[in-house]
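**Student:**
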Amino acid sequence: MKKFFIIAGEASGDLLGSKLIKELKLQNPNSEFIGVGGKLMQEQGLKSIFLMEELSVMGFLEVVPHIKKLLDLIKQTAQAIEKEKPDFVITIDSPDFCFRVVKLLLKAKDLKCKKVHLIAPSVWAYREGRAKKIAKLYDLLLAILPFEPPYFEKYGLKTMFIGNPVVENAPDFSQKKFFKNQFRQKYNISQSSTVLLLTPGSRNGEVNKIFPEFIAAVNLLSEKKSDLKVVIPLIDKTRELVKEMAKALKVEYFLVEKEEKKSAFFAADFALAKSGTNTLEISLYRLPMIIAYKINFLTHFLVKRMVKIKFANLINLISNREIIPEMLQDKCRGDLIFIKMQKLIVDQELAKKQIEDSMFALKLMGLGSVENPSFKAAREILKNS
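One rule links them: number in my numbering = place in the sequence shown (from 1) + 151.
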């Protein structure tokens, strides 16, 4: 039996972790999983030593009030690993937490596990010197972007490009008409109406900063498009806040549960999304979109001084040009988002071009590959046993 200690600190990591566990079970059925994960990883059989949500803190300044608690959780996790003595320690993203845990493990003399990290840190964006330090912590690094391996290989860290596991969620477009019609009929939305999908964030802090600007943009847009309808998928952590804030919308809107998310995405014509992993999922549904994001001013100031990339979105980043408009910080304003959104809705060729270019970028991330990213990840991990 092989024992895996897997750590994920955010919802996106929980999704990737659940896919990885599923593949590890298929390729090595006699396995045990323990660690830190959310609902999805636990559904695949992970025994979580504490709630993953305890690690969900965003931004430099937002972390400060929680430092003591986070340090305690780092120590608790490292102690659990020493006690369990797994064959593998697999960490997923969340570098500030994961790297500190693994660093503590270096002091454990009788621990002989292989250490693997999924999702290479963005050393090409800022603090390139981190690659040398990371190489001392891990035995294997799994990268989701094709240009990442050389940054780490030059320091002796085995790094494999596997593609982005998010592309495994690509929908079956032969079902689009069925789900679109079903959703619109259920909510009495005419086929001629323009349906806008809104994803205002996965944390209350994000929703409080971003959703008011989305609402302002939608209300301005409604003055130009009388047939506009809005769909908002709900998630547990922000459910009540989103429901309350959505009351300020001046258009007919529909709050949908997780079970209807697929139908809602197929029923939508366009999207206005918080910048993040969710934008890749929206791109997989071939929805033209605008992305937006806003963080604490001082956090942004610190990030801006360190980061050396032009784009926040992976589609734009891998393409090295703005395919999906990014409305960040000062541009994350209702009036400015409205202008961009209106142009995208009116200009069909612009919308079509965005979809085509996004699909090309997604193929570079592994969309349509014979072997999916999670399969490759599991195979590479087991090869290093």
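Glycine residues also receive a C-beta, built at the ideal position from the N, C-alpha and C atoms.
1. Between Asn535 and Leu171, which are expected to be in contact by the criterion C-beta below 8 Å, what is the C-beta distance as a whole number of angstroms?
2. With Gly519 as the anchor, note down where its beta strand (DSSP E) starts and where it stops.
3. Should Ala538 and Leu435 be called a contact, given that it needs their Cβ atoms to be closer than 7 Å?
4. In terms of residues, what are the limits of the alpha helix (DSSP H) holding Ser344?
5. Return helix, strand or coil for Tyr289, following the three-state DSSP convention.
6. According to DSSP, simplified to helix, strand and coil, what is Val318?
7. Closer than 8 Å is the cut-off here; do at least three beta carbon pairs connect the stretch 354-368 with the stretch 402-411?
8. What's the C-alpha gap between Lys388 and Gly186?
9. Give the range of the beta strand (DSSP E) segment to which Ala229 is assigned.
10. Which partner residues of Ser199 appear in the DSSP bridge assignment?
11. Which word fits Pro301, buried or exposed, when buried means at least 16 other C-beta atoms lie within 10 angstroms of its C-beta?
12. To test your reading of the DSSP string, which unbroken alpha helix (DSSP H) runs of 4 or more residues are found completely within the stretch 332-398?
13. What residues match up with Lys401 in a beta bridge as DSSP calls it?
14. Compute the Euclidean distance between the alpha carbons of Gly210 and Met152, then round it to the nearest angstrom.
15. Short of 8 Å in beta carbon distance, which residues of its chain neighbour Ala443, apart from the five on each side in sequence? Order them along the chain.
16. Does the separation of the CB atoms of Ile433 and Lys491 fall below 7 Å?
17. Can you tell me whether Ala294 is buried or exposed? The criterion is at least 16 other CB atoms within 10 Å of its CB, across all chains shown.
18. According to DSSP, is Ala159 helix, strand or coil?
19. Under three-state DSSP, which class holds Val407?
20. Looking only at DSSP bridge pairs, what is Met311 linked to?
21. Measure how close the beta-carbons of Ile469 and Leu515 come, nearest whole angstrom, since I'm counting them as under 8 Å.
22. Measure the alpha-carbon distance for Ile475 versus Trp275 and round it to whole angstroms.
23. For my contact list, Ile157 and Phe184 are in at a C-beta cut-off of 8 Å; report their separation, rounded to the angstrom.
24. Assign Thr428 to one of three DSSP states: helix, strand, or coil.
25. Between the beta-carbon of Leu533 and the beta-carbon of Pro316, is there less than 7 Å?
26. For Phe211, does the three-state DSSP call read helix, strand or coil?
27. What does the Cβ neighbour count give for Arg437, buried or exposed, with the cut at 16 atoms within 10 Å?
28. Hey, which unbroken runs of the alpha helix (DSSP H) at 4 residues or more fall wholly within the stretch 469-514?
29. What residue range is occupied by the uninterrupted beta strand (DSSP E) comprising Ala443?
30. Can you give me the C-alpha to C-alpha distance between Leu212 and Lys337, rounded to a whole angstrom?
**Tutor:** According to the structure shown:
1. Contact between Asn535 and Leu171 fails: their C-beta atoms lie close to 14 Å from each other, not under 8 Å.
2. It is not in any beta strand (DSSP E) - Gly519 carries neither H nor E in the DSSP assignment.
3. The structure shown has nothing for residue 538, since the chain only spans 152 to 536.
4. It is not in any alpha helix (DSSP H) - Ser344 carries neither H nor E in the DSSP assignment.
5. Three-state result, Tyr289: coil.
6. Val318 falls in the helix class under three-state DSSP.
7. Touching, no.
8. Taking the Cα positions, Lys388 is about 22 Å away from Gly186.
9. Taken as a continuous stretch (DSSP letters only), Ala229 belongs to no beta strand (DSSP E), being part of the alpha helix (DSSP H) at 218-235.
10. Answer by DSSP bridge pairing, in chain order: Gly186.
11. Per the 10 Å Cβ criterion, exposed.
12. Whole alpha helix (DSSP H) segments, 4+ residues: 355-375, 390-396.
13. DSSP, once it has assigned bridges, lists no residue as partnering Lys401.
14. Here Gly210 scores only 46 on pLDDT, less than 50, and its place in the model should not be relied on; the value that follows carries that caveat. Distance between the alpha carbons of Gly210 and Met152: 39 Å.
15. Here the set comprises Ile361, Glu364, Phe365, Leu423, Ala424, Lys425, Ser426, Glu477, Met478, Leu479, Lys482, Cys483, Ile488.
16. Between Ile433 and Lys491, the C-beta gap is not smaller than 7 Å, which leaves the two residues out of contact.
17. Counting the other CB atoms within 10 Å of its CB gives Ala294 a total of 16 or more, which places it among the buried residues.
18. Looking at Ala159 - three-state DSSP - the assignment turns out to be strand.
19. Under the three-state reduction of DSSP, Val407 is assigned to strand.
20. Paired residues: Leu293.
21. Their Cβ separation, rounded to whole angstroms, is 6 Å, which keeps Ile469 and Leu515 in contact under 8 Å.
22. Between the alpha carbons of Ile475 and Trp275 lies a gap of roughly 21 Å.
23. Right, the Cβ-Cβ distance comes to about 6 Å (below 8 Å), so this counts as a contact.
24. Assigned with DSSP and collapsed to three states, Thr428 falls in coil, not helix or strand.
25. No, the pair does not count as a contact, with Cβ atoms beyond the cut-off.
26. Only weak support is given to the placement of Phe211: the predicted model assigns it a pLDDT of 42, under 50, and the question is left unresolved by the model.
27. Label assigned to Arg437: buried.
28. Annotation: the stretch 469-514 contains the following complete segments of the alpha helix (DSSP H) (minimum length 4 residues), in chain order: 485-497.
29. Judged by DSSP secondary structure, Ala443 falls within the beta strand (DSSP E) whose first and last residues are 440-444.
30. Per-residue confidence for Leu212 stands at a pLDDT of 44, beneath the threshold of 50, marking its modelled position as unreliable; the derived number appears in the next sentence. Going from the Cα of Leu212 to the Cα of Lys337 covers about 44 Å.
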